[in-house]
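Presented below is the structure to which this report refers.
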Amino acid sequence: MKRSIPTLAASIVEVARTVSFANQAGVILNNEERSNVSHPQTEDSDKAYLQQAIQLAVDSVGDGGAPFGAVVVHNGSVVARAGNRAKQECDPTAHAEVAAIRMAGKMLGNAHMPEATLYASCEPCPMCLAAAHWARIPRIVFAASQETANWAGFADGNIAEQLYGQIHPVRPKELGLTQIELEDSAAPFRAWLKKNDRSSD
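Throughout the sequence shown, residue numbering follows the UniProt record's numbering, covering 1 to 201 in sequence.
Next up, the structure:
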């Protein structure tokens, strides 16, 4: 039986993360202090940067990769863009988000990015969320949901459940979620599903 792509795919979810992050001097910021860190992006600019991530994901499919893209914006400027390169580079860690974070760190000359925002075409997997945490990126905006990725054959989000069961669900309750409509969140997955030689390995 054919299934339609869930309507949840047509949304962006901004993750307001409640764990502690550090500034570039290495000082841990509490929740109140983090709320005062400047993130000048507006909803319109969020959508524009997210569109870039989605296009990177579509391009990744055309290049023989998986349908994921990511953009890192620091103080209002794009400092890194990347698509998924795991298959091409035979590197299971070469997810778009990890690649973009690596590029951003080199561009900024700092492993910590407390004034950055990570834009991802799809809800990041546990590995990518961990990378963003260690980079101390306090804000993540993503398009397609993990449910849509699961539907297209990418069940990375289930790793947390496999490891921890119900103790650490894929989306911890302490994460604040805001939903904003976006029309083409599922475009990378539509491109992916048209491929005859696709493999989500």
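Virtual Cβ for every residue (Gly too), placed ideally from N, Cα, C.
- The closest CA to that of alanine 130, considering only Val98, Ala149 and Ser60, is found on Val98.
- Within the same chain, Val72, Val73, Met103, Ala104, Met107, Leu108 and Ala116 come within 8 Å of valine 79 by CB-CB distance, once the 5 residues on both sides are set aside.
- For histidine 74, the enclosing beta strand (DSSP E) begins and ends at 69-74.
- If you compare the alpha carbons of Gly64, Ala100 and Gly76 with that of cysteine 90, the shortest gap goes to Gly64.
- When the alpha-carbon of serine 185 is set against those of Arg81, Phe68 and Ala132, the nearest one is in Phe68.
- Residue burial annotation: glycine 83 is buried, with at least 16 other C-beta atoms found within 10 angstroms of its C-beta.
- Here DSSP, grouped into helix, strand and coil, assigns cysteine 125 to coil.
- Inclusion of cysteine 122 and histidine 95 in the CB contact set at 8 Å is not warranted, their separation being larger than that value.
- Nearest neighbour of alanine 48 by Cα position, chosen from Gly153, Arg136, Lys194 and Ala143, turns out to be Ala143.
- The Cβ-Cβ distance between alanine 120 and alanine 53 falls below 8 Å.
- DSSP places threonine 148 within a helical segment (H, G or I) once states are collapsed to three.
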